[in-house]
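These notes are about the structure you will find just below.
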Amino acid sequence: MRGRRPRPGDPAALRAHGHVHGAAAHGPVLRHRRLQHLPLPGRPDRRALGRVRRREDPGPAGRPGPRELVLHVAGRARVRARRALVVGAGPAGLATAALLRRAGLEVVLLERAPDVGVAGTALTLWPNAFSALAVLDADGPVRARSAPAAGLAMRTARGATLLSLPAGVLDARCGGNGRALPRAALLRALHDLQPPDAIRFGARCVGVRQDGPAVAARLADGTEVEGDLLIGADGIRSRVRAALFGAPGDTGGGDLRYLGHAVARGVAAYACPGHPALLALGPGRQFGLFPLPEGRMYWFAAFAVPEGGARAGPSSLPFLQRHFAAWHDPVPAVLRSTDPAAVTVTAIHDRAPLRRWGRGVVALVGDAAHPAAPAMGQGTCQALEDAVVLARALGATDDVPAALRAYAARRRRRAHAVTVQSHWMGRLGQWRAPVLCAVRDGLIRATPRSALLGALRSSFTFD
């Protein structure tokens, strides 16, 4: 064997050339000249060794050979991720965890809630969300749990049409139509992608510690969970974001902008087959409708309220019934068909776009990175896009920080555009002066259909 370079996975050849010594002869194989004589008492110290790469090499006759551990010391430390921590088990976190697990990573999913839960009413998904779900093979189950709208429409409070796009036009020109489903149904579909006991419920992350190429999530009970990378999918009041970019004492709400209005949401026992996805605009108020499966209707109402004044309670529905009593049908009937106990009210905030979505081996996805007002119905859609692009970036390189930077560079412009557009659409809906409302309505009517379809096609396209 003299003069022949040892073949990877050939223990006898490696021993003959002095590449493996002692106990290491039957374990991981060192393939870096400067590390030939280091003992391997167990798990290597990644902080000292830099990048670690493991792979299985076939042995003789195709039999599995010894596991190979490739260590690089010189240059910048890089670690190929083997254990990912995902903080938050909403749509963004569940999709991210499923995709990272498919890429071969061990995933620890940390969720502060005690169970999967049924919080929330319903949400809308547009074609770009289904393109992302198709990567997860979850588009079929989600379609089965959702209902399509018969096109897209905007009207005044009295019912005058501002724009109307039939479902056939959206299918032909924009790649599809919108669909709505209960939020709990989407969570269940994404939860079904996880292995049993994949989620650690009751694990509330309160901080992040980075130590070289390693990272740990600090939990409220004082314990830490360690990994090779950490993804913050913990929503608009993200503790991961606060740990990376917040001021001292920030518990997740720093830098939030209150947009001057609240949104009430509910589900009505009101069947209206063939109804479009509708947004009605009035002075300082908006009302939206979207059909749900099983003869129900998802609705939302936006109205101006001072900061701190948005409260859900028994008086929420009577308040809405008074303020929307004179609006066009079926708005009053939908509110009459709603269970008062099921109405939620949320003060609407967003955040100025972040210049960075991560640091080191930590990155943000979904509302943790780019919270947006709900005016465009794109929040969940953009979170699902994040998950796909993040998984692709991590699959393209062993350099985790570089992969996370590439992910942010790919997503930032598109997600931030949604944030800005949603911000101003929400502002337009708060206009109260009759002259301003007339100008707003006139601009919507005057928008060329081709321009509107082009904008929708851009929003709905993701590959």
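Going letter by letter, the sequence shown gives residues 1 to 463 in full-length UniProt numbering.
Quick reminder that beta carbons are idealized off the backbone N, C-alpha and C, glycines included.
Could you say which of the options lies nearest to residue i if we only look at CA atoms?
| i | options | result |
| --- | --- | --- |
| residue 306 | 127, 430, 176 | 430 |
| residue 208 | 239, 316, 375, 178 | 239 |
| residue 401 | 365, 359, 391 | 359 |
| residue 263 | 164, 426, 198, 88 | 426 |
| residue 109 | 194, 134, 103 | 194 |
| residue 345 | 370, 144, 311, 270 | 311 |
| residue 196 | 227, 107, 338, 394 | 107 |
| residue 378 | 105, 237, 461, 316 | 461 |
| residue 102 | 388, 448, 454 | 388 |
| residue 142 | 112, 117, 183 | 183 |
| residue 343 | 265, 171, 201, 284 | 265 |
| residue 308 | 261, 296, 241 | 261 |
| residue 392 | 185, 445, 463, 421 | 463 |
| residue 88 | 82, 117, 104, 105 | 117 |
| residue 302 | 168, 293, 316 | 316 |
| residue 375 | 284, 403, 422 | 422 |
| residue 201 | 282, 328, 86, 318 | 86 |
| residue 285 | 327, 217, 244 | 327 |
| residue 411 | 82, 125, 354, 242 | 354 |
| residue 415 | 394, 364, 403 | 364 |
| residue 167 | 445, 147, 428 | 147 |
| residue 288 | 124, 448, 446 | 124 |
| residue 459 | 445, 165, 417 | 417 |
| residue 282 | 448, 159, 446 | 159 |
| residue 104 | 396, 445, 424, 447 | 396 |
| residue 337 | 424, 297, 155, 390 | 297 |
When we look at the beta-carbon of residue i and count the other beta-carbons within 10 Å, is it buried (16 or more) or exposed?
| i | result |
| --- | --- |
| residue 413 | exposed |
| residue 41 | Confidence at residue 41 is low in this model, with a pLDDT of 32, below 50, so the placement of that residue should be treated as unreliable; the coordinate-derived value is given next. Exposed. |
| residue 299 | buried |
| residue 161 | exposed |
| residue 436 | exposed |
| residue 67 | Residue confidence for residue 67 is low, a pLDDT of 29 falling below 50, so the modelled location carries little weight; the figure read from the coordinates is stated next. With fewer than 16 Cβ atoms within 10 Å of its Cβ, residue 67 is classed as exposed. |
| residue 339 | exposed |
| residue 178 | buried |
| residue 438 | exposed |
| residue 224 | exposed |
| residue 419 | buried |
| residue 380 | buried |
| residue 203 | buried |
| residue 111 | buried |
| residue 383 | buried |
| residue 273 | exposed |
| residue 251 | exposed |
| residue 450 | exposed |
| residue 50 | Legend: pLDDT at residue 50 = 32, less than 50; position of this residue unreliable, value from coordinates given subsequently. Answer is buried; the Cβ neighbour count reaches 16. |
| residue 341 | exposed |
| residue 48 | Because the pLDDT at residue 48 is just 32, under 50, the model does not fix this residue reliably, and the value given afterwards should be weighed accordingly. Exposed, by the Cβ-count rule. |
| residue 242 | buried |
| residue 155 | buried |
| residue 366 | buried |
| residue 447 | exposed |
Measure the Cβ-Cβ separation of residue i and residue j and say whether it is below 8 Å.
| i | j | result |
| --- | --- | --- |
| residue 356 | residue 408 | yes |
| residue 205 | residue 219 | yes |
| residue 91 | residue 190 | yes |
| residue 119 | residue 385 | no |
| residue 452 | residue 163 | yes |
| residue 249 | residue 362 | no |
| residue 236 | residue 349 | yes |
| residue 291 | residue 180 | yes |
| residue 330 | residue 258 | no |
| residue 247 | residue 253 | no |
| residue 174 | residue 405 | no |
| residue 267 | residue 122 | yes |
| residue 432 | residue 293 | no |
| residue 229 | residue 455 | no |
| residue 371 | residue 351 | yes |
| residue 368 | residue 221 | no |
| residue 176 | residue 130 | yes |
Contact criterion: CB-CB distance below 8 Å. Does residue i meet it with respect to chain C?
| i | result |
| --- | --- |
| residue 266 | Any reference to chain C falls outside this structure, which holds one protein chain only. |
I'd like the ranges of any alpha helix (DSSP H) spanning at least 4 consecutive residues and lying wholly in the stretch 371-435.
379-396, 400-428
Which runs of the alpha helix (DSSP H), 4 residues or longer, sit entirely within the stretch 92-168?
127-135, 139-145
Which residue spans inside the stretch 181-248 form an unbroken alpha helix (DSSP H) run of at least 4?
183-191, 239-245
Using a Cβ distance threshold of 8 Å, determine whether the stretch 135-146 contacts the stretch 95-102, with at least three qualifying pairs required.
yes
Report yes or no: do the stretch 151-160 and the stretch 274-281 share at least 3 C-beta pairs separated by less than 8 Å?
yes
Evaluate the contact criterion for the stretch 210-219 versus the stretch 321-329: three or more CB pairs, one atom per stretch, below 8 Å.
no
Alpha helix (DSSP H) runs contained entirely in the stretch 251-335, provided each spans 4 or more residues:
316-323
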